[in-house]
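**Q**
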Amino acid sequence: MQIKLSYFNNRIHTLLTGPGFGFGFPYRGRKGRAHLAKTANATFITLLTLFAHALSAQQPIISTATDYIAHNQFAGADQYLDSILKINPKTVDAIMMKGNVLLNEAWGSGAKSHFNTEKAESIFDSSAIDESYFIPIIPIDTSVKIDKLWKQCIELDPTRTDIKKGLCNLYSLSLRTVELERQLIQMQSIITENEENAFLYAEYARNLKIRGHFDDAMHVYDLIAHMFPNLAGLRCDMANEYFYAGELNKCLQYLDSTLSEKDVDQTSFINAAALYSELGDYDQAYNTFKRYSEKDTLIEADFYKGLWMFARMDTGYYTQLRKFIDGATEQSYYDELQLAQKLLPYGRVPFTLDDYRQLATNSKISRYYRVLILQRGVTQFKTECEPFLLFGSFYCAIKNYPAAIQLLDLDLPTREGRCKLEGGQREQWYLNYAFALYKQGKKELASPYFESLFKANDGFIQQAAKYFVAKTNWENGKKEEAKKLFDEVASDRFQTKYSWLSKGYLNH
-16 MQIKLSYFNN RIHTLLTGPG FGFGFPYRGR KGRAHLAKTA NATFITLLTL
34 FAHALSAQQP IISTATDYIA HNQFAGADQY LDSILKINPK TVDAIMMKGN
84 VLLNEAWGSG AKSHFNTEKA ESIFDSSAID ESYFIPIIPI DTSVKIDKLW
134 KQCIELDPTR TDIKKGLCNL YSLSLRTVEL ERQLIQMQSI ITENEENAFL
184 YAEYARNLKI RGHFDDAMHV YDLIAHMFPN LAGLRCDMAN EYFYAGELNK
234 CLQYLDSTLS EKDVDQTSFI NAAALYSELG DYDQAYNTFK RYSEKDTLIE
284 ADFYKGLWMF ARMDTGYYTQ LRKFIDGATE QSYYDELQLA QKLLPYGRVP
334 FTLDDYRQLA TNSKISRYYR VLILQRGVTQ FKTECEPFLL FGSFYCAIKN
384 YPAAIQLLDL DLPTREGRCK LEGGQREQWY LNYAFALYKQ GKKELASPYF
434 ESLFKANDGF IQQAAKYFVA KTNWENGKKE EAKKLFDEVA SDRFQTKYSW
484 LSKGYLNH
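Under the working numbering, the first residue of the sequence shown is numbered -16, with each subsequent residue one higher.
1. I believe residue 275 touches residue 249 by the beta-carbon criterion, under 8 Å. Please report the beta-carbon distance rounded to the nearest angstrom.
2. Nearest-angstrom Cα distance between residue 180 and residue 201?
3. Does the structure place the region 113 to 128 close enough to the region 67 to 86 that three or more beta carbon pairs sit under 8 Å?
4. Please name the residue, chosen from 197, 186 and 175, that lies closest to residue 213 on a Cα-to-Cα basis.
5. How many Å lie between residue 352 and residue 78 at the Cα?
6. Please report the distance separating the alpha-carbon of residue 71 from that of residue 315.
7. Between residue 296 and residue 312, what straight-line distance do the alpha-carbon atoms span, to the nearest angstrom?
8. To the nearest angstrom, how far is the alpha carbon of residue 427 from that of residue 421?
9. Would you say residue 361 lies against chain D (beta-carbon separation less than 8 Å)?
10. Roughly how many angstroms separate the alpha carbons of residue 456 and residue 141, rounded to a whole number?
11. Whose C-beta lies closer than 6 Å to the C-beta of residue 321 among residues of the same chain, with five residues either side of it excluded?
12. According to DSSP, is residue 437 helix, strand or coil?
13. Check this for me: beta carbons of residue 218 and residue 208, under 8 Å apart or not?
14. With a CB to CB cut of under 6 Å and the five nearest residues on each side skipped, what residues in its chain are close to residue 99?
15. Under a three-way DSSP split, which group does residue 376 fall into?
16. Do residue 63 and residue 49 have their C-beta atoms within less than 8 Å of each other?
17. Determine the DSSP secondary structure at residue 119, reduced to helix, strand or coil.
18. Measuring CA to CA, which of 388, 298, 292 and 153 is closest to residue 121?
19. Along the alpha helix (DSSP H) that carries residue 107, what are the first and last residues, could you check?
20. With respect to the beta strand (DSSP E) encompassing residue 196, which residues constitute its N-terminal and C-terminal limits?
21. Straight-line CA distance for residue 147 to residue 259?
22. Measure from the alpha carbon of residue 366 to the alpha carbon of each residue in 341, 336, 292 and 431, then state which is nearest.
23. Taking the alpha carbon of residue 576 as the point to measure from, which residue in 331, 317, 281 and 318 has its own alpha carbon closest?
24. Please classify residue 16: is it buried, with 16 or more other beta-carbons within 10 angstroms of its beta-carbon, or exposed?
25. Less than 8 Å between the CB atoms is what I'm expecting for residue 327 and residue 290, so what's the real figure, rounded?
26. Do residue 447 and residue 414 come within 8 Å of each other at the CB atom, strictly closer than that value?
27. Could you name the residues of the same chain whose beta carbon sits closer than 8 Å to that of residue 205, not counting the 5 residues immediately before and after it, in chain order?
28. From the DSSP output, in three-state form, read off residue 97 for me.
29. Given a threshold of 16 other Cβ atoms within 10 Å of its Cβ, counted over all protein chains shown, does residue 339 qualify as buried or as exposed?
30. What number of angstroms, rounded off, separates the C-alpha of residue 102 from the C-alpha of residue 197?
31. Since residue 334 and residue 363 should fall inside the 8 Å C-beta cutoff, what is the C-beta to C-beta distance between them, to a whole number of angstroms?
32. Rounded C-beta distance between residue 143 and residue 75? I'm assuming under 8 Å.
33. Leaving out five residues on either side along the sequence, give the residues of the same chain with a beta carbon under 7 Å from the beta carbon of residue 55.
34. Using 10 angstroms around the beta-carbon of residue 393, count the other beta-carbons present and answer buried if the total reaches 16, otherwise exposed.
35. Measuring only the C-alpha atoms, how far is residue 386 from residue 192?
36. Excluding the 5 residues preceding and the 5 following residue 150 in the sequence, name in chain order all residues of the same chain whose CB lies nearer than 6 Å to its CB.
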């Protein structure tokens, strides 16, 4: 059984981001997803808009005003800047810093924010609701005031690219997508000076994304991509974004677009191969690793081929992995060597369910390799529950809900009633299956499975089940039934994030 489906025919076989603040530009390293650097202090964002030109130690106005802002002394900063402008009303740094005072004051006030509902409702994140769920948004009225100040600066000194970038950042933080796109178009000649700018300016798209405006974010990405029509790396980053948003067909489109380019960078090869692998398109993953290996005289493809052979129970995997081990160095292929050496003995001794379980639940194994261990499980242990549960949960977690439903469907003929579920395993199975149905829009089908978990031993599972049934009832106009369930979750002595969410509905 291989979960692999194809373009526009349900080809569904998933850039981790931090807070996405101003200088958090992506680092595109060899092994990882593109990711964002986190700022040290989310409440102090003055540096978002200054960039290199204005951060010079020889800028006393900026240095002094920044010191005031860092200590939340906004009135003091304003008074200081006004004293500068009283002497010379055209002092650009002083005008710019007045904008930064407004920006930081609004940021720290928490007057407006985006609540990350997706993270809050996810069954794969049990953390309590805290400030990390709330992403600040600069209010429009404040944004307009800052906009006016910074445009005044640019009129006085058109060479201040740092302030032009600051405007992009401001528009993204205040969800002014139209203004952001207009500013990017005006700066096209600056942006296209070098390819690295494509990744730097994509930060503004990510600012929109983490504030709940995913479609707008992808429009901005697309705008930048059109400025760099042959840049494979940016398209690969867009594939990453679609992957983590659960828009898997779009992800595959952009992966294919990435690899259609003549010049593909190493990071894009690795990321594309990893995504293909996680999505179950092992052929394309191998072909991508092969292109990568041929271009850079590496042997990553040799390892992946052996792992893929192991997944489909091809006994030739032993020879293939032996070949890889003999040619690899620990310095370059530590993770791959560790896994290859774990798998090698099973060319001589049986691979048991216990062996499978240890590998399938080993979080140290990269997901794009572990998915092949999971594939081996459902191929070899067809009459067992656990491989289907683990693989289904894996796909549910990466938002490949159709594949999760296919693996977890209790009525599938392949199981023929042989998969007897008990205790915690049953609870996990039903929770993942119901959640996949719910997220796939099949909420009425999900409800009976959620309801069967109302007396679950696990308090988190019990509350999640009640919350989703209550939410479905609420959306269907059954407000009283919903309130009863919301009240049970909200008043439970075992408080979870679903308790907090339920209180929100009760206070609606």
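Ideal Cβ placement from N, Cα and C applies to all residues, glycine included. All figures in this text were calculated on a predicted structure; none of them were measured in a lab.
**A** The structure says:
1. The Cβ separation is near 7 Å, so the contact holds.
2. Taking the straight line from one Cα to the other gives about 17 Å.
3. Contact holds: three or more Cβ-Cβ distances are below 8 Å.
4. Sorting 197, 186 and 175 by C-alpha distance to the C-alpha of residue 213 places 175 at the top.
5. Taking the straight line joining both Cα atoms gives about 53 Å.
6. The alpha-carbon atoms of residue 71 and residue 315 are separated by roughly 59 Å.
7. Rounded to the nearest angstrom, the two C-alpha atoms are 26 Å apart.
8. Residue 427 and residue 421: Cα-Cα distance of roughly 8 Å.
9. The structure shown has no chain D; it contains just one protein chain.
10. So the alpha carbons of these two residues sit roughly 57 Å apart.
11. Excluding residues up to 5 positions away in sequence, nothing lies with its Cβ nearer than 6 Å to the Cβ of residue 321 in the same chain.
12. Coil, per DSSP.
13. Here residue 218 is near residue 208, since their CB atoms are less than 8 Å apart.
14. Sequence-distant Cβ neighbours of residue 99 in its own chain, meaning closer than 6 Å and more than five residues away, are 116.
15. Residue state for residue 376 is assigned as helix, using DSSP reduced to three classes.
16. For residue 63 and residue 49, no; Cβs fall outside 8 Å.
17. Note: residue 119 maps to strand in three-state DSSP.
18. For residue 121, the nearest C-alpha among the options comes from 153.
19. Element bounds for residue 107: n/a, residue is neither H nor E.
20. DSSP places residue 196 outside any beta strand (DSSP E), giving it a letter other than H or E.
21. Distance between the alpha carbons of residue 147 and residue 259: 38 Å.
22. If you compare the alpha carbons of 341, 336, 292 and 431 with that of residue 366, the shortest gap goes to 336.
23. Past the edges of the chain, shown from -16 to 491, lies residue 576, and the structure says nothing about it.
24. Only weak support exists for where residue 16 lies, its pLDDT of 31 falling under 50; the value from the coordinates is given anyway. Of the residues assessed, residue 16 falls on the buried side of the cut-off, its CB having 16 or more other CB atoms within 10 angstroms.
25. Not quite, the Cβ-Cβ distance comes to about 12 Å (not below 8 Å), so this is no contact.
26. A contact, by the Cβ cut-off of 8 Å.
27. Correct list, in chain order: 221.
28. In this structure, residue 97 counts as strand in the three-state DSSP scheme.
29. Per the 10 Å Cβ criterion, buried.
30. The C-alpha of residue 102 lies about 14 Å from the C-alpha of residue 197.
31. With 8 Å as the limit, residue 334 and residue 363 qualify as a contact, their Cβ atoms being about 7 Å apart.
32. With a Cβ gap of about 7 Å, residue 143 and residue 75 count as contacting.
33. If we look at residue 55 and ignore the five residues flanking it on each side, its Cβ neighbours are 91.
34. Result: exposed.
35. Counting only the Cα atoms, residue 192 lies some 26 Å from residue 386.
36. Counting only residues of its own chain and dropping the five nearest sequence neighbours on each side, residue 150 has a CB closer than 6 Å to the CB of 133 and 166.
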